[in-house]
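K.L.:
Below is one structure. I have some questions about it.
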Amino acid sequence: MPRPASFQIKMLDLLSYRFLLALLHPFAMKARVDPTLYYSRKVCIEVSVSLLVPLSASNDTESSNDNYKNLKISGTGLFRDVPVMAISTICEALTYQLEEEKSSFIPVSSLFSHQNLREIIEEYIHLLDMRIQHRETNIKGYVLFSCVLEHINAIQAGLSVEQAIASALNRSLDQCYYTLKTRAMAWGINMSPDIDIDTSGHTQPDDRTLGTHDWLIDDGFDTGMGFDTSLLSGSILKDIGTGS
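Below, the structure is given as structure tokens:
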């Protein structure tokens, strides 16, 4: 009997684990101040990692991997919203570990290393970039988690968190501006004549609009990034100042 392909396994994980994640996520985000919720946090992290980490391709086909990857890039609904909840859990877990180790000088016990969790965050940010390149128009997710990753880097390096986040904010906005404008030009959309594009990839625009549309406003192009940041009070999102 043939073994299930990666696509089939990942689809089953997504369709089943999303309910467990939705149930435990609110409690997991409060486990930092309530130790009785530790188990919810532990299971939530494990489920989040399972949802975001690709399976080994040893017993799989290239087309199966590509099919699921394409769904993550262009899909909406649960292909977009469930990973947001999963990655916010992982970001919170890694930030908590780093802050606890910094204050106690004792490594925090975890099933996943700092490097494992960091690589998952980096891969997710790359996925958001791919979504913007293909069809996404809302850049809030890419900007937010780019700042979260820089927050983590600053904690590890002992640098100023505020300065690191400000720098990441500028870089991510410039990258999104460049990507959206490049995509619009490729589609033959007429751009405002007073807005030039820096083909070197390092843009320094004076305003963040393409034509007359503001790509930072809340409009019909919602990517599901508006999760409740109050659940993360005192953690990674508090210093970012998303303030929507």
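Read in order, the letters of the sequence shown are residues -22 to -1, 1 to 222 in mature numbering (1 follows the signal peptide of the UniProt record, and there is no 0). Heads up, the beta-carbon is just placed ideally off N, CA and C, and yes, glycines get one too. The structure displayed is predicted, hence computed values, not measured ones.
Identify the continuous alpha helix (DSSP H) that holds Val11 and give its terminal residues.
P.N.:
What you label residue 11 is simply residue 33 of the sequence shown in a count that begins at 1. Premise fails: Val11 is in no alpha helix (DSSP H) and is neither H nor E.
K.L.:
Assign Gly119 to one of three DSSP states: helix, strand, or coil.
P.N.:
By one-based count along the sequence shown, residue 119 stands at place 141. Residue state, collapsed to three classes: helix.
K.L.:
Does DSSP classify Asn37 as helix, strand or coil?
P.N.:
Sequence index remark: in the sequence shown, residue 37 carries index 59 (1-based). Caution is warranted here: a pLDDT of 48 is assigned to Asn37, below 50, making its placement in the model unreliable, and no coordinate value can be reported.
K.L.:
On the DSSP letters alone, give me the boundaries of the alpha helix (DSSP H) that Pro(-21) sits inside.
P.N.:
Residue -21 sits at position 2 when you count from the first residue of the sequence shown. Looking at the DSSP string, Pro(-21) is not in any alpha helix (DSSP H), and its letter there is neither H nor E.
K.L.:
Could you give the DSSP three-state label for Ser(-7): helix, strand or coil?
P.N.:
For this step, residue -7 is matched to residue 16 along the sequence shown. Looking at Ser(-7) - three-state DSSP - the assignment turns out to be helix.
K.L.:
Please confirm whether Ser18 and Ala(-1) have their CB atoms less than 7 Å apart.
P.N.:
The residue given as residue 18 occupies position 40 in the sequence shown. The residue given as residue -1 occupies position 22 in the sequence shown. In this structure, Ala(-1) does not lie closer than 7 Å to Ser18 by Cβ.
K.L.:
Closest by CA to Ile65, which one among Lys(-13), Ala146, Leu95, Ile110?
P.N.:
For the purposes of this step, residue 65 is identified with residue 87 of the sequence shown, where counting begins at 1. Nearest of Lys(-13), Ala146, Leu95, Ile110 to Ile65, Cα basis: Leu95.
K.L.:
Can you look up Ser28 in the DSSP assignment and give me helix, strand or coil?
P.N.:
Start at 1 with the first residue of the sequence shown, and residue 28 comes out as number 50. In the structure shown, Ser28 sits in a helix (DSSP, three-state: H, G or I).
K.L.:
Since I believe His112 is in contact with Ile167 (beta carbons under 8 Å), could you give me their beta-carbon distance rounded to a whole number of angstroms?
P.N.:
As a first step, residue 167 must be located in the sequence shown, where it is residue number 189. As a first step, residue 112 must be located in the sequence shown, where it is residue number 134. 16 Å between Cβ atoms; not a contact.
K.L.:
Using beta-carbon positions only, say whether Leu2 and Val21 come within less than 7 Å of one another.
P.N.:
Translated into the one-based positions of the sequence shown, residue 2 becomes position 24. Translated into the one-based positions of the sequence shown, residue 21 becomes position 43. With respect to Val21, Leu2 sits close: the two C-beta atoms are nearer than 7 Å.
K.L.:
If you drop the 5 nearest sequence neighbours on each side, which residues of the same chain put their C-beta closer than 6 Å to that of Pro(-19)?
P.N.:
Locating residue -19 in the sequence shown gives position 4, where the first residue counts as 1. Cβ within range, chain order: n/a, list empty.
K.L.:
Of the residues Leu15, Arg109, Leu49, Met(-22), which one's Cα is nearest the Cα of Lys(-13)?
P.N.:
Along the sequence shown, read from residue 1 onward, the residue named residue -13 stands at position 10. For Lys(-13), the nearest C-alpha among the options comes from Leu49.
K.L.:
DSSP state of Arg58, grouped into three classes?
P.N.:
By 1-based counting over the sequence shown, the position of residue 58 is 80. Reduced to three states, the DSSP call for Arg58 is helix.
K.L.:
Between the Cα of Phe(-4) and those of Glu140, Leu29, Glu97, Gly119, spot the shortest distance and give me the residue it belongs to.
P.N.:
Counting from one through the sequence shown, the residue named residue -4 turns up at place 19. Closest by alpha carbon: Leu29.
K.L.:
Taking Cβ positions, are Ser150 and Val121 nearer each other than 7 Å?
P.N.:
As a first step, residue 150 must be located in the sequence shown, where it is residue number 172. As a first step, residue 121 must be located in the sequence shown, where it is residue number 143. In this structure, Val121 lies closer than 7 Å to Ser150 by Cβ.
K.L.:
Whole-angstrom Cβ separation of Ile99 and Leu127, contact assumed at under 8 Å?
P.N.:
As a first step, residue 99 must be located in the sequence shown, where it is residue number 121. As a first step, residue 127 must be located in the sequence shown, where it is residue number 149. About 5 Å separates the two Cβ atoms, so the contact holds.
K.L.:
Using beta-carbon positions only, say whether Cys125 and Ile143 come within less than 7 Å of one another.
P.N.:
Residue numbering aside, residue 125 sits at position 147 when the sequence shown is read from its first letter. Residue numbering aside, residue 143 sits at position 165 when the sequence shown is read from its first letter. Taking 7 Å as the Cβ cut-off, Cys125 and Ile143 qualify as a contacting pair.
K.L.:
Let's see if you can read the secondary structure: which residues bound the alpha helix (DSSP H) around Ile103?
P.N.:
Start at 1 with the first residue of the sequence shown, and residue 103 comes out as number 125. Element bounds for Ile103: 92 to 112.
K.L.:
Is the Cβ of Pro61 closer than 7 Å to any Cβ of chain C?
P.N.:
You won't find chain C in this structure, because it holds only one protein chain.
K.L.:
According to DSSP, is Asn168 part of a helix, a strand, or is it coil?
P.N.:
Sequence index remark: in the sequence shown, residue 168 carries index 190 (1-based). Reduced to three states, the DSSP call for Asn168 is coil.
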